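All letters in the sequence shown, in the order written, are residues -21 to -1, 1 to 183 by mature numbering (1 follows the signal peptide of the UniProt record, and there is no 0). Here a beta-carbon is modelled for each residue, glycine too, at the ideal position from N, C-alpha and C. Source: prediction; values computed, not measured.
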Amino acid sequence: MRILLALAALTLAACSTVPGSAPVRSSTDWRQVATSADRTRLRDWRAAFAKALSQAKAAGHGGEVASEGKLLEPDAAIGQVPIPNGRYKCRVIKVGAKSPGLLDYVSYPAFTCRVSQEKELQGFNKLTGSQRPSGIIFPGDSLRQVFLGTLVLGDERLAMQYGRDPDRDLAGWVERIDGNRWRMILPYPHFESTLDVIELVPEQ
């Protein structure tokens, strides 16, 4: 019952048309909010990372993977959490095809994202683009934080409530990988790829 209440309380906000990211939640512990499927995805992030890199390299994208340096190195996290609030240039890289016929490596140009304070937690919203993660960043451990959210598609104005549709749910790790550079790792997203990596660089 506590988990159901927590899921009901995690109503995720709109994209750029609505200022806030989420209302008050009943728990600040991500383990009390995450679905069973998302706890599994978070646990298996390294397997997803290794599989995705293997797929990309096998498809001839080894040079592109290498050129990204720490961004696509599984153990690049260097700590210093939480990620600072503010606006970021966020670049999405999709690594590994989820099914035959899809691309094994796609790097998109940078869009705008925002990290904002949400009571004791932080909200994350990708503000532009056709696929926009929207959700909450929770405390994790000394190296990383946990992101739980949903995917806003196309011209949708509001994000779906987390836990309502498993195909829209997102779960990932937020890590600092350089002096002023972070990434969000999203293992086994339900659309297109084996792994999504979002590079986060503060806007100047």
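message: Taking only three categories from DSSP, how would you classify Thr14?
response: As a working note, residue 14 is residue 35 in the sequence shown. If DSSP states are grouped into helix, strand and coil, Thr14 belongs with coil.
query: Cα separation between Ile177 and Arg70?
result: What you label residue 177 is simply residue 198 of the sequence shown in a count that begins at 1. What you label residue 70 is simply residue 91 of the sequence shown in a count that begins at 1. If I take the Cα positions, the gap works out to 5 Å.
- request: Identify whether Arg111 lies in helix, strand or coil by the three-state DSSP scheme.
  value: Taking the sequence shown and counting its residues from 1, one reaches residue 111 at position 132. The answer is strand: DSSP assigns Arg111 an E or B state.
- request: Would you tell me roughly how many angstroms separate the C-alpha atoms of His40 and Arg25, rounded to the nearest one?
  value: Within the sequence shown, numbered from 1, the residue matching residue 40 stands at position 61. Within the sequence shown, numbered from 1, the residue matching residue 25 stands at position 46. Using only the alpha carbons, I get a separation of about 20 Å.
- prompt: I think residue 184 touches Leu174, with their Cβ atoms under 8 Å apart; what is that distance to the nearest whole Å?
  reply: No statement about residue 184 is possible, as the shown extent of the chain runs from -21 to 183 and does not include it.
field: Tyr141 and Gly114 closer than 8 Å at C-beta
entry: For the purposes of this step, residue 141 is identified with residue 162 of the sequence shown, where counting begins at 1. For the purposes of this step, residue 114 is identified with residue 135 of the sequence shown, where counting begins at 1. In this structure, Gly114 lies closer than 8 Å to Tyr141 by Cβ.
message: Can you tell me which residues form a DSSP beta bridge with Pro79?
response: Numbered from 1 along the sequence shown, position 100 holds the residue referred to as residue 79. Note: Pro79 sits in no beta bridge, so no partner.
field: Beta-carbon contacts of Leu51 that lie in its chain and below 6 Å, excluding the five residues immediately before and after
entry: To locate residue 51, count along the sequence shown from 1; it is residue 72. Result list for Leu51: Val44, in chain order.
- request: Take the Cβ of Arg10 as the centre, count every other Cβ of all protein chains shown within 10 Å, and call the residue buried at 16 or more, exposed below.
  value: Here residue 10 refers to the residue found at position 31 when the sequence shown is read from its first residue. Arg10 is exposed by the Cβ-count criterion.
- request: Would you mind sorting residue 191 into buried or exposed? The rule is 16 or more other CB atoms within 10 Å of its CB.
  value: With the chain covering only -21 through 183, there is no way to say anything about residue 191.
field: Three-state secondary structure (DSSP) of Pro181
entry: Here residue 181 is taken as the residue at index 202 of the sequence shown, counted from 1. DSSP places Pro181 in strand when its eight states are reduced to three.
message: Does Val71 come out as helix, strand or coil in the three-state DSSP assignment?
response: As a first step, residue 71 must be located in the sequence shown, where it is residue number 92. Correct three-state label for Val71: strand.
message: Just list the residues that DSSP pairs Gly102 with in beta bridges.
response: The residue given as residue 102 occupies position 123 in the sequence shown. For Gly102, which the question treats as bridged, DSSP gives the partners Ser95 and Ile115.
field: Through-space distance from Val74 to Gly48, alpha-carbon basis
entry: The residue given as residue 48 occupies position 69 in the sequence shown. The residue given as residue 74 occupies position 95 in the sequence shown. Those two C-alpha atoms are separated by around 14 Å.
query: For Leu179, which residues from the same chain have a beta carbon less than 6 Å from its beta carbon, with the 5 sequence-adjacent residues on both sides left out?
result: Along the sequence shown, one-based indexing puts residue 179 at 200. So the qualifying residues of the chain are Tyr67, Cys69 and Trp161.
query: With DSSP run on the structure shown, which of helix, strand or coil describes Thr173?
result: Translated into the one-based positions of the sequence shown, residue 173 becomes position 194. Of the three classes helix, strand and coil, the one that applies to Thr173 here is strand, per DSSP.
message: At the level of alpha carbons, what is the spacing between Tyr84 and Ser95?
response: If you number the sequence shown from 1, residue 84 lands on position 105. If you number the sequence shown from 1, residue 95 lands on position 116. Rounded to whole angstroms, Tyr84 to Ser95 spans 30 Å at the Cα level.
field: Proximal residues to Ile57 (C-beta, below 6 Å), its chain only, five neighbours per side dropped
entry: To locate residue 57, count along the sequence shown from 1; it is residue 78. Closer than 6 Å at Cβ, skipping near neighbours: Arg155.
task: Give the DSSP-derived three-state secondary structure of Arg25 in the structure shown.
output: The residue given as residue 25 occupies position 46 in the sequence shown. If DSSP states are grouped into helix, strand and coil, Arg25 belongs with the helices.
- request: For Phe170, count neighbouring Cβ atoms within 10 angstroms of its own Cβ and tell me buried if that reaches 16, exposed if not.
  value: Counting from one through the sequence shown, the residue named residue 170 turns up at place 191. Exposed.
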